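In UniProt numbering, the protein residues as written are 1 to 168.
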């Protein structure tokens, strides 16, 4: 539940896949992949593009198939991320109310960064929250179109290999 990376350079209406494409973490993961790393992956929801280093769910899977089993396990693993984001928004209601910080973009970004640091301090001090987090749905990354089809196809190939190896 600790936040390892935050990018508060873009407004709340900016799609996750655009922020991801312009992040240092994306650059790092892509560079590792290009240098031959085929064993490191991040997990994303359908708001992110399938890439060789970023595993996302399938769409419209059928019950009792390897793809559905993969999606179920991916969802379980990603649950921690969703809980973390929900907890952050619960601790710092300014991040959730109306989804708008009423400050100039630079100050709003500093507030987001400060909230993330304070959240990590709360985690480190074992300060608990009593409420359950909420999740905001995202548009699928394919509908945004900011990634080359070749990279998406390589990601689909890697995801299919994982499904065939572990979920048959």
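Even for Gly, the Cβ is constructed at its ideal location relative to N, Cα and C.
All values reported here derive from a predicted model rather than from experimental measurement.
I need the DSSP call for residue 42, collapsed to helix, strand or coil. strand
Is the distance from the Cβ of residue 50 to the Cβ of residue 156 below 7 Å? yes
Leaving out five residues before and five after residue 1 in sequence, what residues of the same chain have Cβ atoms less than 8 Å from its Cβ? 80, 83, 84, 87 and 123
Does the structure place the stretch 31–44 close enough to the stretch 53–61 that three or more beta carbon pairs sit under 8 Å? yes
Please identify the residue among 63, 65, 37 and 112 whose C-alpha is closest to the C-alpha of residue 12. 112
Can you check which of these residues, 128, 127, 68 and 24, is closest to residue 160 by C-alpha distance? 68
What residues are listed by DSSP as bridge partners for residue 55? 43
Rounded straight-line distance, which links the Cα of residue 125 to that of residue 95: 21 Å
Residue 155 in three-state terms, based on DSSP: helix
Please report the residue range of the alpha helix (DSSP H) in which residue 148 lies. That residue, residue 148, is in no alpha helix (DSSP H); it is neither H nor E in DSSP.
Cβ shell of residue 66 (< 8 Å), same chain only, five flanking positions each side left out: 163, 164, 167 and 168
Could you tell me whether the Cβ atoms of residue 25 and residue 40 are closer together than 7 Å? no
How would you call residue 70, buried or exposed, if buried means at least 16 neighbouring beta carbons within 10 angstroms? buried
Best match in 118, 59 and 117 for proximity to residue 75 [C-alpha to C-alpha]: 59
Residue 3 versus residue 114 - alpha carbon distance: 12 Å
In whole angstroms, what separates the C-alpha of residue 14 from that of residue 104? 16 Å
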